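*Asks:* Below: one structure in structure tokens.
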Amino acid sequence: MRKSRTLNLGTGSFVLLGFAALFFLTTQTTSRGLTWFGPPRYEVIAKFDNIGDLKVGAPVSMSGVEIGRVAKIDFDSNDYKAVVLLRLNERYNKIPTDSDASIYTQGLLGGKFIGITAGGADTYLQDKGQIDFTQSAFVLENLIGQVLANFTKSKADEQQNSAAPADTKSNADTKSKEKTK
Amino acid sequence: MFKELWESFTDALEGLGSVVHFLFRLVVHSPSALLRFNLISQQIFNSGAFSLVIIMLSGLFVGMVLGLQGFQLLQRFGSEESLGVAATIGLVKELGPVVTALLFAGRAGTALASELGLMRATDQISAMEMMAVDPIQRVVVPRFLGGVISMPLLAAIFSVIGIYGAQLIGVQIMGVDSGSFWSQMRSAVGLKDVTEGIVKSLIFGVACSLIAVYQGYYATPTAEGVGRATTSTVVTSAVVILFLDYLITAAFL
């Protein structure tokens with residue numbers, strides 16, 4: 001009896017250890033598992049013109065702090081935009097409704113993530129809310145195209161180029177206008 | 182010459198056929214053996230819990246080597262933070278299941294084969310048959326199932342210890358940032374990678390245990406025969422594991 005008890009104890013602790021290891025592998029080393037037992041969350045959608053290679057599971061951050069993850073990516077065929085479902089931690093529920101969501105790149109060639117910059121409104125985003133102000137992913141190919149276009153342009157007309165607006169946000173818009181010209 | 186080749190080919194085919202037949206017998210007997218869980222639990226203890234020390238030690242050192250080598254390589258590209266991803270993918274998908282299976286074949290497979298071979302050589306199996314106790318059901322199936330259950334658990338333990346070994350070298354000694362080590366791992370490793378590792382270790386568990394009990398059960402009942410059964414358990418297991426590893430990896434791509 002004594003022997004069988006220690007034996008069962010050994011087997012039991014081995015099996016427990018094994019399942020603990022399996023649990024660790026599925027929840028701690030993958031991004032998927034974290035949302036199973038995570039804190040309460042709420043969902044917000046954002047529509048982007050172009051999401052680049054944003055993936056499901058990419059982090060959503062505010063001032064560099066991770067506040068949630070991308071839960072779903074869909075395509076809206078009515079206004080031809082990418083619909084990104086963000087699942088945000090309930091703890092960060094004071095995001096103004098006029099906040100703006102942009103897609104950034106981690107490092108030079110790293111994965112994409114969504115950065116939210118707080119707006120100034122008094123009302124906060126609710127569950128199933130929508131972020132209206134979005135900025136598309138920065139696609140490297142487009143940038144190279146723009147740089148090349150700029151380069152040839154600056155040779156032809158240096159004056160106009162130096163007068164171009166300096167702030168980066170409207171840069172993309174003016175560039176696309178220039179292209180359509 | 183040609184006739185001999187043909188004969189050795191048909192012999193190999195016959196061996197494969199009898200292994201498959203043996204597997205079917207084991208599977209048929211498995212449900213009834215599950216009812217007597219004490220026997221299986223004892224075998225899990227024998228082949229699983231006793232392999233724990235060697236598995237954990239090997240896992241630690243494999244993980245540490247991965248941490249060191251991965252760091253040296255990734256440092257050239259200035260992306261040491263990816264060390265967590267590299268080590269985890271390598272461990273969970275490949276090294277965990279394969280090295281665990283090889284160690285398992287060496288540690289537990291040989292023990293199973295020589296135990297069953299010695300039972301055969303000392304007529305214990307015939308004695309059971311005389312007493313109308315089915316030796317397959319009483320002796321072989323619990324050992325087989327014990328191995329099948331132990332293997333994925335051992336592989337998971339190996340991977341976890343290995344990840345901590347890589348973390349020990351990468352983060353504690355080489356100074357990779359701990360946060361990016363874990364967060365990059367979490368964003369890059371998918372559930373599919375973990376599933377692949379688990380499926381692999383399950384299949385390796387079936388293969389290793391099957392080969393061990395088959396070699397032991399059909400060992401020539403002499404001292405030499407038992408020795409040969411033990412040797413061929415390790416050799417066959419190693420080849421079959423690496424071959425199956427390629428097949429499963431290709432199937433998961």
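Those protein sequences? They're chains L and P, same order as listed. 81 is the number that this note's numbering gives to position 81 of the first sequence; each next residue is one higher, with no gaps. 235 is the number that this note's numbering gives to position 54 of the second sequence; each next residue is one higher, with no gaps. Yeah, the Cβ is synthetic: ideal placement off N, Cα and C, and Gly gets one too. Since the model is a prediction, treat every value here as computed from it, not as a measurement.
Using only the alpha-carbon positions, how far apart do P/Ile-270 and P/Thr-303 sit?
*Replies:* Roughly 47 Å separates the two Cα atoms.
*Asks:* Helix, strand or coil, according to DSSP, for P/Val-357 in the structure here?
*Replies:* Here P/Val-357 sits in coil by DSSP.
*Asks:* When you compare each of P/Val-352, P/Gly-360, P/Leu-383 to P/Gly-248 by their alpha carbons, which one comes out closest?
*Replies:* Measuring from the Cα of P/Gly-248, the nearest candidate turns out to be P/Val-352.
*Asks:* Using the Cα positions of P/Thr-430 and L/Phe-133, report the straight-line distance between them to the nearest angstrom.
*Replies:* Going from the Cα of P/Thr-430 to the Cα of L/Phe-133 covers about 44 Å.
*Asks:* For the beta strand (DSSP E) containing L/Val-44, list its first residue and its last residue.
*Replies:* Residues 41-48.
*Asks:* Per DSSP, L/Ile-131 is paired with what?
*Replies:* L/Ala-46, per the DSSP bridge assignment.
*Asks:* Measuring straight from C-alpha to C-alpha, what distance separates L/Glu-66 and L/Glu-141?
*Replies:* Distance between the alpha carbons of L/Glu-66 and L/Glu-141: 28 Å.
*Asks:* In chain order, which continuous runs of the alpha helix (DSSP H) of length 4 or greater are located wholly inside the region 311-396 of chain P?
*Replies:* For the region 311-396 of chain P, whole alpha helix (DSSP H) runs of length 4 or above, ordered along the chain, are 322-348, 359-369.
*Asks:* Which residues of chain L have a Cβ atom closer than 8 Å to the Cβ of P/Val-340, listed in chain order?
*Replies:* A small fix is needed here, since residue 340 of chain P is Ser in this sequence, not Val. Per Cβ cutoff of 8 Å: Ala-21, Leu-25.
*Asks:* Mark P/Met-366 as exposed unless 16 or more other C-beta atoms lie within 10 angstroms of its C-beta, in which case mark it buried.
*Replies:* P/Met-366 comes out buried.
*Asks:* May I ask you to list, following chain order, the residues of the region 279-310 of chain P that have a beta carbon less than 7 Å from some beta carbon of chain L?
*Replies:* Those residues of the region 279-310 of chain P that come within reach of chain L (Cβ to Cβ, closer than 7 Å) do not exist; the list is empty.
*Asks:* Distance, Cα to Cα, P/Glu-185 vs P/Glu-377?
*Replies:* Looking at the two C-alpha atoms, the distance is approximately 41 Å.
*Asks:* Are there any heavy atoms of the ligand HEM lying less than 7 Å away from the beta-carbon of P/Gln-365, as far as the coordinates show?
*Replies:* Because no ligand of any kind appears in the structure shown, any question about the ligand HEM cannot be addressed here.
*Asks:* Apart from the five residues just before and just after P/Pro-278, which ones in its own chain have a Cβ nearer than 7 Å to its Cβ?
*Replies:* The residues are Ala-336, Gly-378, Lys-381, Ser-382, Phe-385.
*Asks:* Give me the Cα-Cα distance between P/Val-273 and P/Asp-374, rounded to the nearest whole angstrom.
*Replies:* Spanning the two alpha carbons is a distance of roughly 7 Å.
*Asks:* In chain L, which residues lie less than 7 Å from P/Ala-230 when you measure between Cβ atoms?
*Replies:* Within chain L, the residues near P/Ala-230 are Gly-10, Thr-11, Phe-14.
*Asks:* How many whole angstroms separate the CB atoms of L/Val-44 and L/Val-56, which I take to be in contact at a CB cut-off of 8 Å?
*Replies:* Contact flag wrong, Cβ pair sits at about 15 Å.
*Asks:* Can a CB atom of chain P be found closer than 8 Å to the CB of L/Leu-88?
*Replies:* By this cut-off, L/Leu-88 is not an interface position.
*Asks:* Please name the residue in P/Gly-408, P/Ala-432, P/Val-415, P/Phe-339 whose C-alpha comes closest to that of P/Met-245.
*Replies:* Closest option to P/Met-245, Cα to Cα, is P/Phe-339.
*Asks:* Using a Cβ-Cβ distance under 8 Å, would P/Leu-186 count as near chain L?
*Replies:* No - not a single Cβ of chain L is within 8 Å of the one on P/Leu-186.
*Asks:* 8 Å is my cut-off, CB to CB: does P/Ala-267 come that close to chain L?
*Replies:* With 8 Å as the cut-off, P/Ala-267 does not count as an interface residue toward chain L.
*Asks:* Output needed for L/Pro-96: all residues of its chain with C-beta closer than 8 Å, excluding positions within five of it in sequence on either side, in chain order.
*Replies:* Correct list, in chain order: Ala-118, Gly-119, Gly-120, Ala-121, Asp-122, Thr-123, Tyr-124, Leu-125.
*Asks:* Name the chain P residues whose beta carbon is nearer than 8 Å to that of L/Tyr-17?
*Replies:* Looking at the sequence shown, residue 17 of chain L is not Tyr but Leu. Within 8 Å Cβ-Cβ: Leu-233, Leu-334, Ile-338.
*Asks:* So L/Gln-106 and L/Ala-46 are supposed to be a Cβ contact under 8 Å. How far apart are they, rounded?
*Replies:* Not quite, the Cβ-Cβ distance comes to about 19 Å (not below 8 Å), so this is no contact.
*Asks:* Would a check of beta-carbon distances place L/Gly-57 closer than 8 Å to chain P?
*Replies:* Interface residue, yes.
*Asks:* Taking C-beta pairs closer than 8 Å, name the residues in chain L that P/Ile-225 reaches, listed in chain order.
*Replies:* Going along chain L in sequence order, the residues near P/Ile-225 (Cβ under 8 Å) are Thr-11, Phe-14, Val-15.
*Asks:* Compare the C-beta of L/Phe-133 against all C-beta atoms of chain P and say whether one is closer than 8 Å.
*Replies:* It does not: the Cβ of L/Phe-133 has no partner Cβ on chain P nearer than 8 Å.
*Asks:* Have a look at P/Ala-292, P/Gly-408, P/Gly-327 and flag the residue whose alpha-carbon is nearest the alpha-carbon of P/Arg-217.
*Replies:* Answer by Cα proximity: P/Gly-327.
*Asks:* For P/Ser-199, which of P/Phe-226, P/Val-394, P/Leu-423, P/Ala-286 has the nearest alpha-carbon?
*Replies:* The shortest C-alpha separation from P/Ser-199 is found at P/Val-394.
*Asks:* Look up P/Asp-192 in the DSSP assignment and say whether it is helix, strand or coil.
*Replies:* Residue state, collapsed to three classes: helix.
*Asks:* Is any beta-carbon of chain L found at less than 8 Å from that of P/Gly-408?
*Replies:* It does not; no Cβ of chain L falls within 8 Å.
*Asks:* Taking a contact to mean a Cβ-Cβ separation below 8 Å, would you say P/Ile-306 touches P/Met-300 in this structure?
*Replies:* The answer is yes: Cβ separation under 8 Å.
*Asks:* What separation, rounded to the nearest whole angstrom, lies between the Cα atoms of L/Asn-50 and P/Ile-342?
*Replies:* If you take the alpha carbons of L/Asn-50 and P/Ile-342, they lie about 41 Å apart.
*Asks:* Kindly indicate if chain P contains any beta-carbon less than 8 Å away from that of L/Gly-111.
*Replies:* So, interface residue.
*Asks:* Within 8 Å of any Cβ in chain P, is that where the Cβ of L/Leu-54 sits?
*Replies:* Chain P contact via Cβ: absent.
*Asks:* Quick check on P/Asn-219: does DSSP put it in helix, strand or coil?
*Replies:* Reduced to three states, the DSSP call for P/Asn-219 is helix.
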